[in-house]
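Colleague: Residue numbers (the working numbering): 109 to 567.
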Ligand code: HEM
């Protein structure tokens, strides 16, 4: 007689008395410790009224994102997520048919082929934006790392993907608005069980930020509708797009998708890259290897070309490791639609399932010395990691990040261009602490003093 499968066990429940104070003090470290202590298991976090499942094991992550993805929806996945998403409206960040239509409309702009074709334009725009730092470097004026990386990327993205139709200042205002909206949710993140009708600090800032975003994007959509130039940039493409029934898109839908893409293309990369500056100061060997490669491959004043980009192997390894150690999308929540079993553990319908690239990418059983920043993990020719989902900074399954080809390219261009022109030192030494907002960002500002490096001779 065939043996019947063992009945699913209830999840391991992390004890509230120990976990809650630790979570408030050091949320990331505590989540990693909890997951490390429960190999192969789904952990139920007992946070009082809110009891999400923490799914960290790579095979379980694959189950949720890919194998049984239909049972795990982003809709309603935690209030925190709901509110963060609402500021971006629906569109690509929603679920169901609306998401599907948006994804179909946006995907062609971000294929590997499309991104590859944009290398020269992106590189030129990044080079121009980096050059604007020259006077600060010559005058010895400090610059803010996050603001400058955001400006550089914003300038490039606005030119290349948005046909220059959004001014650099407006890109900055939208990104800042999004930043305020995301960080103003910090309080709700800590008390996710509070009804939204109960006002908490940050609510007003949140509403103001959303209004300021609308004031920029809605007029842009309307202007494109009336006098569009028929170009192939994203604004033009969305303005003339039709829905599944052949109707023109509602302006709100266009605004939602524009915001999602604008923010994703500029905000996420700058959040990740800001960690690089304090890290390199802590790790002189990594910094020396990185600088050596950039000095060898990129000449003074060069606009980085496609061929040079292909030679920046170590730069790419550093970026891959940066995404392991500081994945900007540190939390990927889902709601279980029906009862399920993950790795022998029962998951109840309606339960919140928390996936975290940050946690999985630091599990001691999958990563040797996970606390160490070691780009060699990603050296070409090294055996891959033990499981495909042991490393998933860009998510997986149907919602896999649209920017997974753009980010490495955009980030390599920024890093190579910047360090081919400048060196820096931190105004305030030390590693910043992570701040948990919608993305994993440094809590403290990272001001830098730049010095010119191998600038082309003036003629
Ligand atoms: C550091 C860079 C980035 C990281 C770590 C990152 C990470 C992620 C992750 C983890 C998801 C999955 C979310 C989920 O499953 O709920 C995602 C989705 C998404 N990302 Fe990124 N992202 C990055 C950059 C970008 C860029 C440059 C773009 C620009 C196009 C982008 C656009 C998107 C979009 C539109 C989605 C939603 C896709 C969908 O639901 O169909 N991301 N990203």
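All residues carry an ideal CB built from backbone N, CA and C; glycine is no exception.
Small disclaimer: the values here were computed from a predicted structure and weren't measured.
Measuring only the C-alpha atoms, how far is residue 499 from residue 432?
Modeller: 7 Å
Colleague: Beta-carbon within less than 7 Å of residue 470's beta-carbon, same chain only, minus the 5 sequence neighbours each way: which residues are those?
Modeller: 140, 478
Colleague: Scan the region 371 to 454 and note each continuous beta strand (DSSP E) run of 3 residues or more that stays entirely inside, going in chain order.
Modeller: 440 to 444, 448 to 450
Colleague: What I want to know is whether the C-beta of residue 388 ends up closer than 8 Å to one or more non-hydrogen atoms of ligand 1.
Modeller: no
Colleague: Buried or exposed for residue 219, going by 16 or more other Cβ atoms inside 10 Å?
Modeller: exposed
Colleague: What number of angstroms, rounded off, separates the C-alpha of residue 304 from the C-alpha of residue 241?
Modeller: Within the model, the alpha-carbon separation for residue 304 versus residue 241 is close to 43 Å.
Colleague: Please work out which residues of its chain come closer than 8 Å, Cβ to Cβ, to residue 402, disregarding the five sequence neighbours upstream and downstream, and give them in chain order.
Modeller: 420, 423, 523, 524, 527, 528, listed in sequence order.
Colleague: Short check: CB of residue 379 to CB of residue 254, under 9 Å?
Modeller: yes
Colleague: Once you ignore the five residues that flank residue 339 on each side, which residues in its own chain have a CB closer than 7 Å to its CB?
Modeller: 271
Colleague: Considering only residues of the region 445 to 513, which uninterrupted alpha helix (DSSP H) runs meet the minimum length of 4 residues and lie entirely inside it, listed in chain order?
Modeller: 465 to 468
Colleague: Ends of the alpha helix (DSSP H) at residue 220?
Modeller: 220 to 225
Colleague: For the pair the region 548 to 560 and the region 263 to 270, tell me if three or more CB-CB distances fall below 8 Å.
Modeller: no
Colleague: In whole angstroms, what is the alpha-carbon distance linking residue 370 and residue 283?
Modeller: C-alpha separation (whole angstroms): 8 Å.
Colleague: So what does residue 166 bridge to, in DSSP terms?
Modeller: Partner(s): none; residue 166 has no beta bridge.
Colleague: Taking 8 Å as the line, does the beta carbon of residue 507 fall inside it for any heavy atom of ligand 1?
Modeller: Under cutoff, so the answer is yes.
Colleague: Answer with yes or no whether the minimum CB distance from residue 491 to chain B is below 9 Å.
Modeller: In the structure shown, chain B cannot be found, because there is only a single protein chain.
Colleague: Which class does residue 119 belong to by DSSP, given the choice of helix, strand or coil?
Modeller: DSSP places residue 119 in coil when its eight states are reduced to three.
Colleague: Using a 10 Å radius around the Cβ and a threshold of 16 neighbouring Cβ atoms, would you call residue 436 buried or exposed?
Modeller: buried
Colleague: Should residue 453 be labelled buried (16 or more other beta-carbon atoms within 10 Å of its own) or exposed?
Modeller: buried
Colleague: Around the C-beta of residue 332, are 16 or more other C-beta atoms found within 10 angstroms, so that it is buried, or is it exposed?
Modeller: buried
Colleague: Might you give, ordered along the chain, the residues of its own chain that have their beta carbon closer than 7 Å to the beta carbon of residue 159, omitting 5 neighbours on each side?
Modeller: 152, 153
Colleague: List the residues that DSSP assigns as beta-bridge partners of residue 251.
Modeller: 556
Colleague: Taking the alpha helix (DSSP H) that residue 315 belongs to, which residues open and close that run?
Modeller: Segment 311 to 335, the alpha helix (DSSP H) holding residue 315.
Colleague: Residues in the same chain with beta-carbon distance under 6 Å from residue 562, minus the five sequence neighbours each way, listed in chain order, please.
Modeller: 408
Colleague: By the three-class DSSP mapping on this structure, what secondary structure does residue 158 have?
Modeller: strand
Colleague: Do residue 257 and residue 461 have their beta-carbon atoms positioned less than 9 Å apart in this structure?
Modeller: no
Colleague: Is it the case that the region 505 to 525 contacts the region 476 to 492, given that we only count it when at least three CB pairs across the two stretches are under 8 Å?
Modeller: Taking a contact to require three or more Cβ pairs closer than 8 Å, the region 476 to 492 and the region 505 to 525 do not qualify as touching.
Colleague: Classify residue 427: buried if its beta carbon has 16 or more other beta carbons within 10 angstroms, exposed otherwise.
Modeller: Residue 427 comes out buried.
Colleague: Going by C-alpha to C-alpha distance, which of 156, 216, 116 sits closest to residue 128?
Modeller: 156
Colleague: Classify residue 193 as buried or exposed, calling it buried when 16 or more other Cβ atoms lie within 10 Å of its own Cβ.
Modeller: Here residue 193 scores only 48 on pLDDT, less than 50, and its place in the model should not be relied on; the value that follows carries that caveat. When all chains shown are included, residue 193 counts as buried.
Colleague: Exposed or buried, what is residue 121 when buried is set at 16 or more other beta-carbons lying within 10 Å of its beta-carbon?
Modeller: exposed
Colleague: Is the beta carbon of residue 449 sitting closer than 9 Å to the one on residue 143?
Modeller: Judged by their CB atoms, residue 449 and residue 143 are not nearer to each other than the 9 Å cut-off.
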